[in-house]
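In my numbering, the protein residues as written are 7 to 63. Note that the Cβ used here is the ideal one computed from N, Cα and C, for glycine as well. Right, one structure below, let's go through it.
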Amino acid sequence: MQEFEALKTLVDEIEADINKAEGGNKAAGTRVRKQMQDIKQAAQQVRNRVLELRSED
């Protein structure tokens, strides 16, 4: 499922910034919050796609 692959990519990309934010880097923390919004939207797209698949049956 393409939507799920996009979600996994977003999660993989955020890892470095999370480590920097834990170290006190405020700019990295800002990037993490922005990326988390993107992840939230991608998760919603996965959810909607699963509902579409279920209704096709």
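Notebook entry, point to check: Distance, Cα to Cα, Asp63 vs Val56?
Noted result: Taking the straight line joining both Cα atoms gives about 11 Å.
Next item on the list: Return helix, strand or coil for Met7, following the three-state DSSP convention.
Entry: Of the three classes helix, strand and coil, the one that applies to Met7 here is coil, per DSSP.
Check: So Leu16 and Val52 are in contact, right, with Cβ under 8 Å, and what is the actual spacing, rounded?
Finding: About 11 Å; that fails the 8 Å criterion.
Notebook entry, point to check: How would you call Asp23, buried or exposed, if buried means at least 16 neighbouring beta carbons within 10 angstroms?
Noted result: Buried is the call here.
Checklist line | Start-to-end residues for the alpha helix (DSSP H) that takes in Asn54 | finding: Unbroken alpha helix (DSSP H) run through Asn54: Lys32 to Glu62.
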